[in-house]
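Q: Can you read through this structure? Questions will come right after.
2 protein chains.
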Amino acid sequence: MSKKLTSRSTDYSKWYNELVSKANLAEASDVRGCMVIKPYGFAIWEKMKARLDEMFKETGHQNAYFPLFVPKKLFESEEKNAEGFAKECAVVTHYRLKNDPRNKGKLIIDPEAKLEEELVVRPTSEAIIWSTYKKWIQSYRDLPILINQWANVVRWEMRTRLFLRTSEFLWQEGHTAHATKEEAIKETIIINDIYEKFSEEFLAIPVIKGTKSESERFAGAEETHCIEALMQDGKALQMGTSHFLGQNFAKAFDVKFADKKGKLEHVWASSWGVSTRLMGALIMTHSDDKGLVLPPNLAPIQVVIIPIYKNENELNIITEVVNKIKDSLEIMGISVKYDNNDNLKPGYKFNEYELKGVPIRLSIGPRDIEKKQIELVRRDDLTKSNISIEKLNKYIPKVLIEIQKKLYNKAKAFRNQNISKVDDFKEFKKILSSKGGFVLAHWDGTKETEEIIKKETKATIRCIPYHDEDKGKCIISGKPSLKRVLFAKSY
Amino acid sequence: MSKKLTSRSTDYSKWYNELVSKANLAEASDVRGCMVIKPYGFAIWEKMKARLDEMFKETGHQNAYFPLFVPKKLFESEEKNAEGFAKECAVVTHYRLKNDPRNKGKLIIDPEAKLEEELVVRPTSEAIIWSTYKKWIQSYRDLPILINQWANVVRWEMRTRLFLRTSEFLWQEGHTAHATKEEAIKETIIINDIYEKFSEEFLAIPVIKGTKSESERFAGAEETHCIEALMQDGKALQMGTSHFLGQNFAKAFDVKFADKKGKLEHVWASSWGVSTRLMGALIMTHSDDKGLVLPPNLAPIQVVIIPIYKNENELNIITEVVNKIKDSLEIMGISVKYDNNDNLKPGYKFNEYELKGVPIRLSIGPRDIEKKQIELVRRDDLTKSNISIEKLNKYIPKVLIEIQKKLYNKAKAFRNQNISKVDDFKEFKKILSSKGGFVLAHWDGTKETEEIIKKETKATIRCIPYHDEDKGKCIISGKPSLKRVLFAKSY
Numbered sequence: 006m007s008k009k010l011t012s013r014s015t016d017y018s019k020w021y022n023e024l025v026s027k028a029n030l031a032e033a034s035d036v037r038g039c040m041v042i043k044p045y046g047f048a049i050w051e052k053m054k055a056r057l058d059e060m061f062k063e064t065g066h067q068n069a070y071f072p073l074f075v076p077k078k079l080f081e082s083e084e085k086n087a088e089g090f091a092k093e094c095a096v097v098t099h100y101r102l103k104n105d106p107r108n109k110g111k112l113i114i115d116p117e118a119k120l121e122e123e124l125v126v127r128p129t130s131e132a133i134i135w136s137t138y139k140k141w142i143q144s145y146r147d148l149p150i151l152i153n154q155w156a157n158v159v160r161w162e163m164r165t166r167l168f169l170r171t172s173e174f175l176w177q178e179g180h181t182a183h184a185t186k187e188e189a190i191k192e193t194i195i196i197n198d199i200y201e202k203f204s205e206e207f208l209a210i211p212v213i214k215g216t217k218s219e220s221e222r223f224a225g226a227e228e229t230h231c232i233e234a235l236m237q238d239g240k241a242l243q244m245g246t247s248h249f250l251g252q253n254f255a256k257a258f259d260v261k262f263a264d265k266k267g268k269l270e271h272v273w274a275s276s277w278g279v280s281t282r283l284m285g286a287l288i289m290t291h292s293d294d295k296g297l298v299l300p301p302n303l304a305p306i307q308v309v310i311i312p313i314y315k316n317e318n319e320l321n322i323i324t325e326v327v328n329k330i331k332d333s334l335e336i337m338g339i340s341v342k343y344d345n346n347d348n349l350k351p352g353y354k355f356n357e358y359e360l361k362g363v364p365i366r367l368s369i370g371p372r373d374i375e376k377k378q379i380e381l382v383r384r385d386d387l388t389k390s391n392i393s394i395e396k397l398n399k400y401i402p403k404v405l406i407e408i409q410k411k412l413y414n415k416a417k418a419f420r421n422q423n424i425s426k427v428d429d430f431k432e433f434k435k436i437l438s439s440k441g442g443f444v445l446a447h448w449d450g451t452k453e454t455e456e457i458i459k460k461e462t463k464a465t466i467r468c469i470p471y472h473d474e475d476k477g478k479c480i481i482s483g484k485p486s487l488k489r490v491l492f493a494k495s496y
Numbered sequence: 006m007s008k009k010l011t012s013r014s015t016d017y018s019k020w021y022n023e024l025v026s027k028a029n030l031a032e033a034s035d036v037r038g039c040m041v042i043k044p045y046g047f048a049i050w051e052k053m054k055a056r057l058d059e060m061f062k063e064t065g066h067q068n069a070y071f072p073l074f075v076p077k078k079l080f081e082s083e084e085k086n087a088e089g090f091a092k093e094c095a096v097v098t099h100y101r102l103k104n105d106p107r108n109k110g111k112l113i114i115d116p117e118a119k120l121e122e123e124l125v126v127r128p129t130s131e132a133i134i135w136s137t138y139k140k141w142i143q144s145y146r147d148l149p150i151l152i153n154q155w156a157n158v159v160r161w162e163m164r165t166r167l168f169l170r171t172s173e174f175l176w177q178e179g180h181t182a183h184a185t186k187e188e189a190i191k192e193t194i195i196i197n198d199i200y201e202k203f204s205e206e207f208l209a210i211p212v213i214k215g216t217k218s219e220s221e222r223f224a225g226a227e228e229t230h231c232i233e234a235l236m237q238d239g240k241a242l243q244m245g246t247s248h249f250l251g252q253n254f255a256k257a258f259d260v261k262f263a264d265k266k267g268k269l270e271h272v273w274a275s276s277w278g279v280s281t282r283l284m285g286a287l288i289m290t291h292s293d294d295k296g297l298v299l300p301p302n303l304a305p306i307q308v309v310i311i312p313i314y315k316n317e318n319e320l321n322i323i324t325e326v327v328n329k330i331k332d333s334l335e336i337m338g339i340s341v342k343y344d345n346n347d348n349l350k351p352g353y354k355f356n357e358y359e360l361k362g363v364p365i366r367l368s369i370g371p372r373d374i375e376k377k378q379i380e381l382v383r384r385d386d387l388t389k390s391n392i393s394i395e396k397l398n399k400y401i402p403k404v405l406i407e408i409q410k411k412l413y414n415k416a417k418a419f420r421n422q423n424i425s426k427v428d429d430f431k432e433f434k435k436i437l438s439s440k441g442g443f444v445l446a447h448w449d450g451t452k453e454t455e456e457i458i459k460k461e462t463k464a465t466i467r468c469i470p471y472h473d474e475d476k477g478k479c480i481i482s483g484k485p486s487l488k489r490v491l492f493a494k495s496y
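Which chain is which? The protein sequence lines are A and B, in order. All residue numbers for the first sequence refer to our numbering, where the first residue is 6 and numbers rise by one. All residue numbers for the second sequence refer to our numbering, where the first residue is 6 and numbers rise by one.
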């Protein structure tokens, strides 16, 4: 398989697919729309999980696990939510296969093992969780409940793309229960802030925070907060959502609590999630035509060391030096791989680790050892330098921090260059069909206007940013608007 | 809800169910046979996961993720495996629900969204994984593949019990591919050894290692290695299994590799797993009539501190002292909870943490502060002592190690007392119907004999222990036997 990628400018979509495949991140499976996450891709996802899990726990959340299946009757309970997900549900109808009497070695569904009530494979877990919370909540003393779950969910998607849209995906879903509206809203915002911090500091992806318009809201939510990022092709990607659910699920499942005075009230709720989609965002924000570029914070391998040698004797001398370097870096918590595979040439390895986005590549040969130096190549800007081995321990941690920062700054500069303030629809259309990106424009707040814009440009309201006071007139209806909202075509 | 448990001697099974419920470990859900793992139970499972994951990675394994669904055609490929699991499969037949025209607000299956090919919810992942490995393996250079997956699986069980047997459960499943038979067998044994070490050192549960008889083997395996433990009621519990799969799956999925000489050969395989069943084993090995008893290694809370006070002033003085103690213990990596909840009385809290199995309970009042001491109660033996606060930092880590050891030794002594060597079937039946436990007896190696014993006593061969050379005669047929095998009634 050629390691060379189609360039982004030639075909961005093809570049993405090739990168996911060639960097060994994921691949399509024999199950329609479901992916296999390969070890290297999964190692990156594990880093994301570990950091997020830590952030959730630091803010008082606990993990738990709820069933994969939702009985149809429960699934129906919250009408809007059910309506929103009914069209893309995997449904279990039978619990047994039997031998096909007409076809030896083949299995068929056993018609006698038909379920009385169908089970929906969870597309999201509000229904099953709120039917459980009903048993847990009687008094204000039982509140708040701050629970998160790491799980797989299934949404039957017609057009799928690895990481970005798959029928099965992995995610975390938080489900909290509160005694007051204010507390539930506060939780929703705390989580959106965690998502922002995680995205910016850990993934090095700048985001814009805001709320969704009614038509883009989660089915069953009163308000959806989100973080939105911009990919290199000028399309937006929703990175995470945090929903204020009001009392909708509490009412649907009749979950009430007695307050301090003994009065019964419905419980207030939030739910929130991020998924393996973040892998897609990560890839499309930082990577280049040579392959993946990983922020050091989530690189499974932060430093790779490649020996340059002609014979075993040279390799032995190099290995001795490298082992010392490796040990001293590992003690500082840096993950290092020494690739002394004798079957592959250095040039092949250089390409391989560029493709895999390893932040720092060191290479060392006999002449370097003589000079007590090592060659260092940064993956972010591909600059090359010779570093004294003695100074490596101080230099490497510094460079890792620098790369992390630089990737963020680069992505932010790109994002900012691609936000356009627009005051009429002609200009709006022109920008969207040429450079793309985010467009800040005035909107009259109606579904009808949103629909017109979507139909004519394929752009949707990505979010209504929190802080953007700037009165004006709607680009479609000319009606007054209090603030600009953020439009874009999106993944 | 009363916190008092039914005693083990009154009704062991009831005791177990009450304990799982009252210690907030898990509960039944609205989905037949599926459980909700509650935060406290899940926190223990997370500790198990973390340690096992570390052990797998230390031995060169990587995590990945494969689809939840297995298309029926793939599922059928390995005949024995398919036969073994076909009877307990959840089957997805449709991918959409629609509004019921005759019943507003209700949903029905959309008959137009029937899948061309049914999807089985994975009961185990050999089929989907080997259909993937076919794409990954061409040459000996692609081997070995050492992959593990943390996932949920579904086996439609008719009689379920929390943790021990549920329709959906969480587990890890390793799936490895090798160039030689020897290497695959070695891997199978390495993993069984990891399971043994994990069980004995981390869960403090002594186990007996061995192989399964043919009729107890995993469907599709050539040989199944396992670890077996003994519960307090004299029944055995299978803790983990590691299967040598021969070339069965490679043949079923036509997975071949070119060796160094270019000759094509089928790949050799192993698979292995442990599940949330381990939670059941943990509970039934160490706990007592007062509740859960947790080995310190996996206790989410290792030390709980309870203030004894009459007024706020006293509480403030105590809190100041406790905060210092808490900080200094936490620095050493000990997890400490200070329960200053003003709504609950100390006696209630004492019961609560006994029920939850917290290894060390400290309580402190104004008089203790005067004497510069604190009361310490160990959960394992419920002994009470007064410890000088000054010495706490040295004392607590020592006691935690001691509790871990003592629990293991206690369980091992119990297990050893309940292994009976038996030479005739009358005695065999007598022991199994009275004290129960493990019975070591001679067996002629035939399925027929195994079946007779199972029918008459409900005991099965738990394993053929590795090291137990002791020639004799089969207790049923009188035919010669080379070693004793381990019988027991089991979970």
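Think of the CB as a built atom: it goes at the ideal place given N, C-alpha and C, for glycine as much as any other residue.
#1: Report all residues from its chain with a CB closer than 8 Å to the CB of residue 398 of chain A; omit the five preceding and five following residues, and keep chain order.
#2: When DSSP builds the beta bridges, which residues end up paired with residue 342 of chain A?
#3: Alpha carbon to alpha carbon, what distance is there between residue 200 of chain A and residue 135 of chain A?
#4: Using a Cβ-Cβ cut-off of 8 Å, state whether residue 177 of chain B counts as contacting chain A.
#5: Under the assumption that residue 436 of chain A contacts residue 374 of chain A (Cβ atoms under 8 Å), give the Cβ distance between them as a whole number of angstroms.
#6: So, is the C-beta of residue 499 of chain B closer than 8 Å to a C-beta in chain A?
#7: If you compare alpha carbons, which of B/344, B/268, B/347 and B/209 is closest to residue 303 of chain B?
#8: With a threshold of 8 Å between beta-carbons, can residue 490 of chain A be considered close to chain B, or not?
#9: Short of 6 Å in beta carbon distance, which residues of its chain neighbour residue 279 of chain B, apart from the five on each side in sequence? Order them along the chain.
#10: Mind checking residue 494 of chain A: buried by the 16 CB within 10 Å criterion, or exposed?
#11: Please list the residues of the region 76-89 of chain A that have a C-beta atom closer than 9 Å to any C-beta atom in chain B, keeping them in chain order.
#12: Roughly how many whole angstroms lie between the Cα atoms of residue 36 of chain A and residue 456 of chain B?
#13: Return helix, strand or coil for residue 425 of chain A, following the three-state DSSP convention.
#14: Quick check: the region 246-262 of chain B against the region 158-167 of chain B, are at least 3 beta-carbon pairs closer than 8 Å?
#15: Rounded to a whole number of angstroms, what is the C-alpha to C-alpha distance between residue 97 of chain B and residue 126 of chain B?
#16: With distances taken between CB atoms, is the gap from residue 153 of chain B to residue 66 of chain B smaller than 8 Å?
#17: In chain order, what residues of the same chain have a beta carbon less than 7 Å from the beta carbon of residue 13 of chain B, not counting five sequence neighbours either side?
#18: With a 10 Å radius around its C-beta and 16 neighbouring C-beta atoms as the bar for buried, classify residue 366 of chain A as buried or exposed.
#19: With 8 Å as the threshold, decide whether the Cβ of residue 6 of chain B is near any Cβ in chain A.
#20: Report yes if the CB atom of residue 49 of chain B is closer than 8 Å to the CB atom of residue 470 of chain B, and no otherwise.
#21: With H, G and I counted as helix, E and B as strand and the rest as coil, what does DSSP make of residue 104 of chain B?
#22: Could you check the C-alpha separation between residue 396 of chain B and residue 465 of chain B for me, to the nearest Å?
#23: Could you round the C-beta distance between residue 273 of chain A and residue 251 of chain A to whole angstroms and report it? I think they count as a contact, below 8 Å.
#24: Would you check if the region 77-85 of chain A and the region 108-128 of chain B touch, i.e. whether three or more CB-CB distances between them fall below 8 Å?
#25: Taking 8 Å as the threshold (beta carbon to beta carbon), is residue 129 of chain B in contact with chain C?
#26: At a Cβ threshold of 8 Å, is residue 477 of chain A touching chain B?
#27: The beta strand (DSSP E) that contains residue 250 of chain A, what's its start and end?
#28: Quick one, which residues of the region 14-40 of chain B are near chain A if we go by CB-CB under 7 Å, in chain order?
#29: So does the region 417-433 of chain A actually touch the region 220-233 of chain A, counting three or more Cβ pairs closer than 8 Å?
#30: So, under 8 Å CB-CB, residue 159 of chain B and residue 73 of chain A are touching, yes? Tell me the CB distance rounded to an integer number of Å.
#31: For residue 6 of chain A, is the classification buried or exposed, using 16 other Cβ atoms within 10 angstroms of its Cβ as the cut-off for buried?
#32: Check each candidate in B/467, B/379, B/235 and B/401 and name the one with the smallest Cα separation from residue 422 of chain B.
#33: Using a 10 Å radius around the Cβ and a threshold of 16 neighbouring Cβ atoms, would you call residue 286 of chain B buried or exposed?
#34: Let me confirm a value: residue 70 of chain B is counted as buried when at least 16 other C-beta atoms fall within 10 Å, else exposed. Which label applies?
#35: For a contact defined as C-beta to C-beta under 8 Å, what are the partners of residue 67 of chain A on chain B?
#36: At 8 Å on the CB atoms, spell out the chain B contacts of residue 254 of chain A, in chain order.
A: Taking the definition as stated:
#1: Here residue 398 of chain A refers to the residue found at position 393 when the first sequence is read from its first residue. Taken in chain order, the residues that qualify are 333, 334 and 337.
#2: For the purposes of this step, residue 342 of chain A is identified with residue 337 of the first sequence, where counting begins at 1. The partner list for residue 342 of chain A (beta bridge, DSSP) reads A/309.
#3: Your numbering for residue 135 of chain A matches position 130 in the first sequence. Your numbering for residue 200 of chain A matches position 195 in the first sequence. Roughly 24 Å between the two C-alpha positions.
#4: To locate residue 177 of chain B, count along the second sequence from 1; it is residue 172. It does not: the Cβ of residue 177 of chain B has no partner Cβ on chain A nearer than 8 Å.
#5: By 1-based counting over the first sequence, the position of residue 436 of chain A is 431. By 1-based counting over the first sequence, the position of residue 374 of chain A is 369. 56 Å between Cβ atoms; not a contact.
#6: Here chain B has residues from 6 to 496 only, and residue 499 of chain B is not among them.
#7: Residue numbering aside, residue 303 of chain B sits at position 298 when the second sequence is read from its first letter. With distances taken between Cα atoms, residue 303 of chain B lies closest to B/209.
#8: Taking the first residue of the first sequence as position 1, residue 490 of chain A is located at position 485. Chain B, which has no Cβ nearer than 8 Å to the Cβ of residue 490 of chain A, makes this no.
#9: As a working note, residue 279 of chain B is residue 274 in the second sequence. Result list for residue 279 of chain B: 245, in chain order.
#10: For this step, residue 494 of chain A is matched to residue 489 along the first sequence. By the 16-neighbour rule on beta-carbons within 10 angstroms, residue 494 of chain A is buried.
#11: 76, 77, 78, 79, 80, 81, 84, 87 and 88
#12: Position 31 of the first sequence, counted from the first residue, corresponds to residue 36 of chain A. Position 451 of the second sequence, counted from the first residue, corresponds to residue 456 of chain B. Approximately 40 Å, taken between the alpha carbons.
#13: Here residue 425 of chain A corresponds to residue number 420 of the first sequence, with the count starting at 1. Looking at residue 425 of chain A - three-state DSSP - the assignment turns out to be strand.
#14: no
#15: Translated into positions along the second sequence, residue 97 of chain B becomes position 92. Translated into positions along the second sequence, residue 126 of chain B becomes position 121. So the alpha carbons of these two residues sit roughly 7 Å apart.
#16: As a position in the second sequence, residue 153 of chain B is number 148, starting the count at 1. As a position in the second sequence, residue 66 of chain B is number 61, starting the count at 1. The answer is yes: Cβ separation under 8 Å.
#17: The residue given as residue 13 of chain B occupies position 8 in the second sequence. Within the same chain, and ignoring the five residues on either side of residue 13 of chain B in sequence, the residues whose Cβ sits closer than 7 Å to its Cβ are 20, 237 and 294.
#18: Residue mapping note: residue 366 of chain A aligns to position 361 of the first sequence, counting from 1. Flag for residue 366 of chain A reads buried.
#19: Here residue 6 of chain B is taken as the residue at index 1 of the second sequence, counted from 1. Reliability fails at residue 6 of chain B, whose pLDDT of 47 lies under 50, so the model's placement of it is uncertain and the value that follows must be treated cautiously. So, not an interface residue.
#20: On the second sequence, position 44 is the one that residue 49 of chain B refers to. On the second sequence, position 465 is the one that residue 470 of chain B refers to. No.
#21: Numbered from 1 along the second sequence, position 99 holds the residue referred to as residue 104 of chain B. Note: residue 104 of chain B maps to strand in three-state DSSP.
#22: Locating residue 396 of chain B in the second sequence gives position 391, where the first residue counts as 1. Locating residue 465 of chain B in the second sequence gives position 460, where the first residue counts as 1. Their backbone Cα atoms lie some 51 Å apart in a straight line.
#23: Locating residue 273 of chain A in the first sequence gives position 268, counting from the first residue. Locating residue 251 of chain A in the first sequence gives position 246, counting from the first residue. Contact flag correct, Cβ pair sits at about 7 Å.
#24: yes
#25: Given the protein chain composition of this structure (A and B), no chain C is represented.
#26: Start at 1 with the first residue of the first sequence, and residue 477 of chain A comes out as number 472. It does not; no Cβ of chain B falls within 8 Å.
#27: Taking the first residue of the first sequence as position 1, residue 250 of chain A is located at position 245. 241-251 is the span of the beta strand (DSSP E), which, as asked, contains residue 250 of chain A.
#28: 34, 35, 36 and 39
#29: no
#30: To locate residue 159 of chain B, count along the second sequence from 1; it is residue 154. To locate residue 73 of chain A, count along the first sequence from 1; it is residue 68. Right, their Cβ atoms sit about 7 Å apart.
#31: Within the first sequence, the letter at position 1 stands for residue 6 of chain A. In this prediction, residue 6 of chain A scores a pLDDT of 47, lower than 50, which makes its location untrustworthy; the coordinate-derived value is nonetheless stated afterwards. Exposed.
#32: Stepping through the second sequence from its first residue, residue 422 of chain B is reached at position 417. Taking the Cα of residue 422 of chain B as reference, the smallest distance to any Cα among B/467, B/379, B/235 and B/401 is reached at B/235.
#33: Taking the second sequence and counting its residues from 1, one reaches residue 286 of chain B at position 281. Counting Cβ neighbours within 10 Å, residue 286 of chain B comes out buried, since at least 16 surround it.
#34: The residue labelled residue 70 of chain B in the question sits at position 65 within the second sequence. Burial call: buried.
#35: Taking the first sequence and counting its residues from 1, the one referred to as residue 67 of chain A is at position 62. Result: 44, 47 and 48.
#36: One-based indexing of the first sequence puts residue 254 of chain A at position 249. Result: empty, since nearest Cβ-Cβ is about 15 Å, beyond 8 Å.
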